[in-house]
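Residue numbers (the working numbering), protein chains in the order written: chain A, 1 to 263; chain B, 264 to 670.
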């Protein structure tokens, strides 16, 4: 059983929901970012998504665009993100998913990515702009030691959900709304309908809902619909507002704890 | 001039490439977030079915003739040819279309398709503003709501087109992320589309983006090459020896080249070398790029070793793009098309030359093709024939040209 599967198994059997925390790796700099992950892992984050910054994040809102620009300017790249994964592994067993656009992985090399990510201790990969129609060119070169997290959107019809789930592992990331990351306007009734369709078509894989979840109340509400929630832009907003604050990592940790406590 | 009627009609079924998932060999495809996938699949289906609709074909043909003013002339530039002292240079006059560039061929096609699909809102990205103007024009003609995403840098340097879009009733959305140019406008249009995909049609202006756009835009633009083929046959009784067109994303080049691919004529795509390849400030994606994924398809891109997209540079906003249509990448690798590049200054010189010897003010984009044509034609004997796609007119560029003169 993969570390991700094991995590969801444990949470399910104790009646808990997963808090998946996303941050852009290297924002605002390597050391601060690493300290932020440490505080997040300590404060109840069940699964960590490390975003690889990309120059042209076409599926992301302004908050993650800016965080990506900061991280790139501070020298973050895929190789350094692998190093960060390895360093997180020294202090935490929390499953780590590398979250990226496809181009940085393509530039790194598909086989090298798999080899280095697994060696560093990453547990999964999520490639935002790589739908099942295109992903064989990457996953055909991979072994079984990296879960491949896939996205399902509110626009995805049920038969396509099933097809996506059959090529996914770890968990399914359900996008809560038709929009980019950090959008407002969460509508839990609509998400509930999609989540129900997905549960019937996901072959038992855990489902986590993300996009637009920014408060403990959101997390509490959305976690009822699935096995967990993903929070990203809210962490990045906090990081952006605390640039230069030496207490930043601790603040992010406290925010994570607040989210987890509400779920 | 008589044009064979079927020739300029779009016809999906004949195409060998792309394959059903939009691949031209290694290139193309659909590299987008899942939210957009169902919309792209629906668009592909709608496009294939509309190709078979006689009513759609008839309406598009009528608009191209009576509204756009097609066929556009193929003009023998005798004074330019004499000046160059080589091959006979013909200009395909896309600058004479309604709204002033080839872009209208595609936007009318896509707007008709949008109406067919029941979408009443359209969005588009624009660089030089020609595609924005052409989309705003089509939207006004069909009574559709229209938003155009344009980088702030381009808004500043192509002000006349911004005014035109506004007059046509479009909302121009300034994009200040990145370098504030075409690449960023396209990112922002895609972001907006992710949120509005249920009722909004995204009119992509180049042979770039996810499938089916590269194939669809090519099909809507092939009218350029289809016409040029019959026109050159009528004028010269044979096929040309060489075709030239500028390449940013590559739609005017694909439009001219595509019908000639089976013919024995050389094809040259002309990219922008900006301040010079060696300065790094250029937009020669095919010349200097490597394989990557940008804006939904796999193609050559200008990128660094970490896969971050580099800034492009060109005096011409329409060529200032670090990506290129996937079919061009395919044609580069197969060797069917040769890609060259032209610096800002050489494009400006060609601009002035065409103004003074032919009385034609070309767009700075098209001036790149003219500049390379001067080089190529100069090396060829007098009986050879060269056709250059004069993809747009240069009124929009007068400010830039004046500024360059002052430097």
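Here a beta-carbon is modelled for each residue, glycine too, at the ideal position from N, C-alpha and C.
Note that the structure is predicted; figures quoted are calculated from it, not measured.
Status (buried if at least 16 other CB within 10 Å, exposed otherwise) for residue 430 of chain B = exposed
Is it right to say residue 569 of chain B is buried, meaning 16 or more other beta carbons lie within 10 angstroms of its own, or is it exposed?
-> buried
Look at the Cβ atom of residue 48 of chain A, then the Cβ atom of residue 40 of chain A, and state whether they are nearer than 8 Å.
-> yes
Any idea if residue 632 of chain B is buried or exposed, counting beta-carbon neighbours within 10 angstroms, 16 or more meaning buried?
-> buried
How big is the Cα-Cα spacing for residue 239 of chain A and residue 28 of chain A?
-> 8 Å
Straight-line CA distance for residue 271 of chain B to residue 171 of chain A?
-> Confidence at residue 271 of chain B is low in this model, with a pLDDT of 40, below 50, so the placement of that residue is unreliable and no value is reported for it.
Could you say which of A:15, A:2, A:30 and A:94 lies nearest to residue 43 of chain A if we only look at CA atoms?
-> A:94
Neighbourhood of residue 488 of chain B by C-beta, 7 Å cutoff - its chain only, sequence neighbours within 5 removed | 518, 519, 520, 521, 522 and 523
In this structure, does DSSP put residue 651 of chain B in helix, strand or coil?
-> strand
Taking 8 Å as the threshold, find out whether the stretch 363-373 of chain B comes into contact with the stretch 288-303 of chain B through three or more Cβ pairs.
-> no
Kindly list, in the order they appear in chain B, the residues whose Cβ is closer than 7 Å to that of residue 176 of chain A.
-> By Cβ distance, chain B contributes nothing, its closest Cβ being about 11 Å from residue 176 of chain A, past 7 Å.
In chain order, what residues of the stretch 118-142 of chain A put their CB closer than 8 Å to some CB of chain B?
-> 128, 129, 130, 131, 133 and 134
Can you give the beta carbon distance from residue 438 of chain B to residue 412 of chain B, rounded, assuming they're within the 8 Å contact cut?
-> 5 Å
In this structure, does DSSP put residue 31 of chain A in helix, strand or coil?
-> helix
Listed from N- to C-terminal order along the chain, which residues in the stretch 533-564 of chain B have their beta-carbon within a distance smaller than 9 Å of any beta-carbon of chain A?
-> 553, 554, 555, 556, 557, 558, 559, 561 and 564
Could you tell me whether the Cβ of residue 152 of chain A comes closer than 8 Å to any Cβ of chain B?
-> yes
Give the straight-line distance between the Cα atoms of residue 119 of chain A and residue 5 of chain A, rounded to the nearest whole angstrom.
-> 19 Å
For the stretch 333-346 of chain B against the stretch 493-503 of chain B, are there 3 or more C-beta pairs whose distance is under 8 Å?
-> yes
Could you tell me whether the Cβ of residue 217 of chain B comes closer than 8 Å to any Cβ of chain A?
-> Beyond the ends of chain B as shown, which are 264 and 670, falls residue 217 of chain B; an answer cannot be given.
With distances taken Cα to Cα, identify the nearest neighbour of residue 643 of chain B among B:309, B:351, B:314 and B:545.
-> B:351
Which class does residue 262 of chain A belong to by DSSP, given the choice of helix, strand or coil?
-> helix
Listed from N- to C-terminal order along the chain, which residues in the stretch 168-202 of chain A have their beta-carbon within a distance smaller than 7 Å of any beta-carbon of chain B?
-> 175, 178, 179, 180 and 183
Tell me, please, whether the CB atom of residue 298 of chain B is closer than 8 Å to any CB atom in chain A?
-> yes
Give the DSSP-derived three-state secondary structure of residue 147 of chain A in the structure shown.
-> strand
Length of the line joining the Cα atoms of residue 57 of chain A and residue 15 of chain A = 36 Å
State whether the stretch 375-395 of chain B contacts the stretch 419-426 of chain B, with contact taken as three or more CB pairs (one from each stretch) at a distance under 8 Å.
-> yes
Output, in sequence order along the chain, the residues in the stretch 73-84 of chain A whose CB is closer than 7 Å to any CB in chain B.
-> 77 and 78
Beta-ladder partner(s) of residue 636 of chain B, from DSSP | Residue 636 of chain B pairs with nothing; no bridge assigned.
Are residue 468 of chain B and residue 389 of chain B closer than 8 Å when you measure CB to CB?
-> yes
Is the CB-CB distance between residue 288 of chain B and residue 475 of chain B below 8 Å?
-> no
Residue 506 of chain B classed as buried or exposed, judged by whether at least 16 other C-beta atoms fall within 10 angstroms | buried
Between residue 643 of chain B and chain A, is there a C-beta pair that is closer than 8 Å?
-> no
Which of helix, strand or coil DSSP assigns to residue 631 of chain B = helix
Assign residue 397 of chain B to one of three DSSP states: helix, strand, or coil.
-> helix
Quick one: does the C-beta of residue 6 of chain A sit closer than 7 Å to a heavy atom of the ligand PLP?
-> As presented, the structure is devoid of all ligands, the ligand PLP included, so that no description of it is given.
Return the bridge partner residues of residue 604 of chain B from the DSSP annotation.
-> B:534
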